[in-house]
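Below is one structure, written out as structure tokens, with a few remarks after it.
Protein chains in written order, with my numbering: chain A, 1 to 764; chain S, 1001 to 1226.
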């Protein structure tokens, strides 16, 4: 419970995370000292979480223009892209890292709830969820508890509301120890003429509060998200909200039903900073004033002071601006769904947000000052000292492994690479009966009923690359997500991103942030996949230090004809296997180097944008011609892991014989000779098997399409190697790997459950 | 054949069932809101999956009190068909249309995956187009599908052939290994004594189109159409 103090002291100002300079600015805006409620309102709206005060100048680097964009980044809750047939899609990714660290089940659940509201507040029906998760080592009991709780929380919310969770990623690395990342993405579909803006306009129009009642939960959550986690963070548990997916399901259906009427002017969810944020943002966007009376706000706790009502982050609430004279329509629909719909105020002339507690005016602030005119900082940046040492890798000192079979088995057993079946079988990934590719494919794919279209989605980020070279890492995050989408046959359209970093006040961290964004922007421009929105999450640090920079990319692609789709796995005996793309001596920043040699070192592979684009064009054209049986990109673990995954697949599994390894080696010799370099090193066998050279993929085709594929590759100038044949029960790669598929599948599928089964016996 | 799909607050497979019956099977279908006291003139009532009333208290425990359930009871008493899928099955148990109860899965977590079912009784209106012991590949998606009943009830179910589907292996073995949720004797679906009310945890509506990996669920709809 919060007590209103008699007067505002410097201590109270500091406790709200407001600097003395910011306080002076508040006094100037108001022309007087703020009262306690107003101070609270400023503190949440000017927090990094709501205002992006530390990130805005850098975020401007992102390209946000594109031919099919109906709503651009920053204009609304989420960007909207036209996909034809009178339909548009709306998508966004957002973090819920700190709440999940403190209370994994509720933290993750409300992360899902929040991103769903961001989508349906635009009038779109949510049709899929994805989750990008990162934890410390799974050997650690605390991590197992966090993974268990986070997955159960996501399942609880997504399954109950009936939106399928169709994919994502899960990585385990010690840098996330104590500060896991939980990034949830949602995509919705809306008819082009049904898009709803979060805007308050039309003087006299009623403002409704709908959904769940307000309690003290989540007080100051936005401010909580804008601090580092400390040993004492568990005491912040009241700042974590509690989710009720059933309530949200009712709210979703009621809001979408209201949308079909002519009673709606604007709609805005109450997420971070709750009632405060929704009222001032809608007023600011509508260039209007807004007046509310908080005595009308439904409550589930007694004796709440105005400060608490305005700052509460209770879940499953929305603000609705209706048309005057149509109040009965709003009230009838919400009554049908047994939900609160209370008229709490009106749109007013002018530009002020006025909050009354009955007759008493408790806050009066220009709405734009809160929503759009917060402070903006250009933080200091500095290339971190660790990079010089970390980027240096002397390949001569890295010995070749003696047993390549053992290395492959070790990689397949690593939880970051292994099957995530333990995770996604807990998610309902089939509800709505649109999921065409289940989790585990390069991209997840859903159909749009009533059309031939499909939507492919992939979330990606290799944070080890970003740690060792943030610019290249940022570029690769975008390129890899585009490659995954293209591998399914879809055309990459646009991205959303969730930028997870440490404390931005640290010049090293801010440099990482800036470099990652530069790299991502470069790739987005090149691929013409604009950024439609996203989220910044700073202060991801635990007492052990900052996380590896993790700019998660959520790429969305469009498949014009769902029957053109290409799965990731081998299918039939006798199909011909090709490797697309050249292989270089790139083992820096690889999972091989980390897992086999214990080194997080070297430069990540270089990404050539032209080559990448060529590969993706090839994939899309091959899919359209229906000549690819399977297509799988090469990423962590390189050629050997990709081939193993193609063999294990999602059903019975099938073997492959890769006998033409000399072809790949030969290409390397020719290339170096052609370049006239006598010192160019030969391709190392570990780089060939496990290196992570970019812009490569494994495709399989029917024997009759062999010539077609070779010609297609030549047309796009993509190096192509016919390396083997699908069949048998064993994966044979040259002379160095020979493993039964069922043995690999056993390792790959049980790596996570085997470790999680310790949770009941040892962690209790 | 005409069908109605009941919509409870929290139902989330209602539109999926509608799609399978209307778009795939070309059947006339209507949604019925749970507050309705009557049903349209239909041959089949579907209680769909989801989380009616958020599964508060127990799965299906509150939905049984919805006004529409009285009309569903009359529909069933008149001998017409009712199918409860997943949460719909749970509601049929709570409402006493079928005997037994659901417990949490033995894994204590939600499970969404394809399973194999062995047809135990192909002489019902829901399974007439299936061969004896025919194996079906259909997904499950539930946290509480661990069917339980006492010995007396179990004997009655067995003796009168009321067990319609059991979880099985791809080759039809109904051992523990292929029991995903701990259900008594691998029970996946049961029917009432009269033979017109079927409850099943697996989702046939998710296995009715080739694009969705399996069309085995269609055989249940086809049996109903006759």
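Every residue gets a Cβ at the ideal spot worked out from N, C-alpha and C, and that includes glycine.
This one's a predicted model, so the numbers in the text were calculated from it and none came from an experiment.
* Span separating the alpha-carbon of residue 1032(S) from that of residue 1194(S) -> CA-CA distance, residue 1032(S) to residue 1194(S), rounds to 25 Å.
* Extent of the continuous alpha helix (DSSP H) run through residue 203(A) -> Here residue 203(A) belongs to no alpha helix (DSSP H), and DSSP marks it neither H nor E.
* What is the residue span of the alpha helix (DSSP H) that residue 21(A) lies within? -> 20-30
* Cβ of residue 155(A) within 8 Å of Cβ of residue 418(A)? -> no
* To do: Verify whether the separation of the beta carbon atoms of residue 425(A) and residue 498(A) is less than 8 Å.
  => Taking the C-beta atoms as reference points, residue 498(A) is found no nearer than 8 Å to residue 425(A).
* Just reading off the alpha helix (DSSP H) that residue 631(A) is part of, what are its end residues? -> Unbroken run through residue 631(A) is the beta strand (DSSP E), 630-633; no alpha helix (DSSP H).
* To do: With DSSP as the reference, please indicate the residues paired to residue 1118(S) in a beta bridge.
  => 1135(S), 1166(S)
* Going straight from the alpha carbon of residue 53(A) to that of residue 373(A), what length do you get? -> 10 Å
* **Beta-carbon proximity check, residue 212(A) vs residue 315(A), cutoff 8 Å** => yes
* CB of residue 133(A) within 8 Å of CB of residue 181(A), strictly -> yes
* Return the CA-CA distance between residue 292(A) and residue 363(A), expressed in angstroms with no decimal places. => 10 Å
* Asked: For the region 1136-1155 of chain S, which residues have a CB atom closer than 8 Å to at least one CB atom of chain A, in sequence order?
  -> Along the region 1136-1155 of chain S, the positions whose C-beta sits under 8 Å from a C-beta of chain A are 1139, 1141, 1143, read in chain order.
* Test item: CB-CB of residue 295(A) and residue 198(A) under 8 Å -> no
* **Interface residues of the region 1038-1049 of chain S facing chain A [CB-CB below 7 Å]** => From the region 1038-1049 of chain S, no residue has a Cβ closer than 7 Å to chain A.
* Would you be able to state if there are at least three C-beta pairs under 8 Å between the region 538-558 of chain A and the region 450-469 of chain A? => yes
* What residue ranges within the region 325-409 of chain A form continuous alpha helix (DSSP H) runs of no fewer than 4 residues, ordered along the chain? -> 327-336, 367-371, 386-391
* With DSSP as the reference, label residue 1033(S) as helix, strand or coil. => strand
* Asked: To which residues of the same chain is residue 163(A) closer than 8 Å at the C-beta, ignoring the five residues directly before and after it?
  -> 116, 126, 127, 128, 129, 186, 431, 432
* Anyone know if the C-beta pair for residue 617(A) and residue 716(A) falls short of 8 Å? -> yes
* Neighbour list for residue 449(A) in chain S, Cβ cutoff strictly below 9 Å -> 1019, 1023
* In terms of DSSP beta bridges, what is residue 90(A) paired with? -> 80(A), 188(A)
* Interface flag, residue 1012(S) vs chain A, CB-CB below 8 Å -> yes
* Taking 7 Å as the cut-off, does the CB of residue 501(A) come closer than this to any heavy atom belonging to the ligand COA? -> The ligand content of the structure shown is nil, which means the ligand COA is not present either.
* Boundaries of the alpha helix (DSSP H) in which residue 1014(S) is found, first to last residue -> 1014-1019
* Asked: Given that residue 1205(S) touches chain A, what residues does it touch there, using C-beta distances under 7 Å?
  -> 433
* Asked: How about residue 1117(S): is its C-beta nearer than 8 Å to some C-beta of chain A?
  -> no
* Taking only the alpha-carbon atoms, compute the straight-line gap between residue 679(A) and residue 468(A) and give it to the nearest angstrom. => No answer about residue 679(A) holds up, because its pLDDT of 44 lies below 50 and its placement is not dependable.
* To do: For chain A, find out if any of its Cβ atoms is closer than 8 Å to the Cβ of residue 1009(S); answer yes or no.
  => At least one chain A Cβ lies under 8 Å of residue 1009(S).
* To do: Along the alpha helix (DSSP H) that carries residue 1045(S), what are the first and last residues, could you check?
  => Under the DSSP assignment, residue 1045(S) falls outside any alpha helix (DSSP H), being part of the beta strand (DSSP E) whose first and last residues are 1044-1047.
* To do: Have a look at residue 427(A) and residue 1137(S) and give me their C-alpha separation to the nearest angstrom.
  => 19 Å
* Asked: By how many angstroms is the C-alpha of residue 1186(S) removed from the C-alpha of residue 533(A)?
  -> 48 Å
* **is_contact[residue 334(A), chain S] using C-beta, thresh 8 Å** => At least 8 Å separates the CB of residue 334(A) from every CB of chain S.
* Touching by the beta-carbon criterion (3+ pairs, under 8 Å), the region 1038-1052 of chain S and the region 1101-1108 of chain S -> no
* To do: State the DSSP-derived secondary structure class of residue 1(A), mapped to helix, strand or coil.
  => In the structure shown, residue 1(A) sits in coil (DSSP, three-state: anything other than H, G, I, E or B).
* One or two residues paired with residue 441(A) in a DSSP bridge -> 439(A)
* Asked: Three-state secondary structure (DSSP) at residue 455(A)?
  -> strand
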